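Below is one structure, written out as structure tokens, with a few remarks after it.
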Amino acid sequence: MNKPKNIKKRKTFLAFQGLTNCVDSIAVTELTNKRKRKSERSKPSVVSEHSSQTAYTHDPDVQLMLRVKEGDDGAFAELVKAYQDRLIGIFTNMMQQGDMAEDLAQEVFMRIYRARNGYEPTAKFSTWLFRIANNLVSNTRRSKGRRKEVAMNIKDSGPLGPRPEEKLIAEKSALMPSRQVAKIEVQQVVRDALDTLNERQRMALLLHKFEGMSYIDIGETMEMSTSAVKSLLSRARESLRQRLEGYVK
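The sequence shown begins at 1 in UniProt numbering and counts up by one.
And the structure:
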């Protein structure tokens, strides 16, 4: 006896509906699993971010800044004492103006103090400080609207400046020893060579040579990749080598 067609259609529909429900169930399960996997993958990044904030708490200067955050002005005075001359040296070599260098150094400390309440140690304190200094140099140059390249006077202070006893000899004697004259001449040549570097090359070189920063720290300071820092320093060294070829053996 043949079954009515409507019964066959009904069974076919139910079978199709069951298959559809099964597929939907699998899809929902897979979607749930994907969301769960995505959630699990995102968790390490949160831990990593937390770790990045706590990784620098061993830095003594970070500890001082955390004390500043808590209202310890004495800790801030310690940071100023530790970094003021170093900042002035960097700014002097970047801007070639001693009085401007002091003003810029003061501005860096003002920005740090204003940011104390929201401070989080996501980098070494020195990295954070020199990042502010680097941005300040760029903004100052941009606001002036032109690049001013002026050879630094030999009396200016800074990492390459003459020592006080050298100044005394220059003032006391009309005839300086030849080796003393040669030394000052070399210092001036080095100054002039530094002046030929572009802003980023000069900053990277100063941070590397005078602050002893690693490529990684310079990259964090100047917001560049480590490979870009290496390339920048390589070009800076090559430029200096060519200009100092007759003086540096």
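C-beta atoms are modelled at their ideal positions from N, C-alpha and C, and glycine is treated no differently. Please read all numbers here as calculations on a predicted model, not as lab measurements.
Collapsed DSSP secondary structure at residue i in the structure displayed
i	result
ASN93	helix
ASP61	helix
GLY219	helix
PHE210	coil
MET110	helix
LYS124	coil
LEU197	coil
LEU66	helix
MET224	coil
ALA75	helix
GLU245	coil
ALA115	coil
TYR56	coil
SER234	helix
Residue i to residue j span [Cα, whole Å]
i	j	result
ILE112	GLN188	34 Å
PRO121	TYR56	6 Å
GLY71	THR226	36 Å
MET100	PHE91	8 Å
ASP73	LEU66	11 Å
SER231	ASP217	15 Å
HIS58	LEU205	27 Å
GLU49	ARG235	Only weak support exists for where GLU49 lies, its pLDDT of 45 falling under 50; the coordinates are left without a value.
GLY118	ASP85	26 Å
ALA77	GLN97	25 Å
PHE125	TYR83	11 Å
GLU245	MET224	30 Å
ALA228	MET95	23 Å
LEU233	GLY89	19 Å
MET110	VAL137	15 Å
ASP192	SER143	24 Å
ARG114	TYR215	29 Å
Cβ pair residue i, residue j closer than 8 Å
i	j	result
ARG116	LYS69	yes
VAL108	LEU79	no
residue 258	ALA123	In the structure displayed, the chain extends from 1 to 249; residue 258 sits before or after that span and is not available.
THR196	ARG141	no
LEU194	ASN93	yes
MET222	ASN139	no
Quick test of the definition: if touching needs 3 or more C-beta pairs under 8 Å, does the stretch 85-105 touch the stretch 57-67?
no
Would you call the stretch 187-205 and the stretch 233-240 in contact, with 3 or more CB pairs under 8 Å?
yes
Whether or not the stretch 119-138 and the stretch 203-214 are in contact is what I'm after, with contact meaning three or more pairs of Cβ atoms, one per stretch, closer than 8 Å; do they touch?
yes
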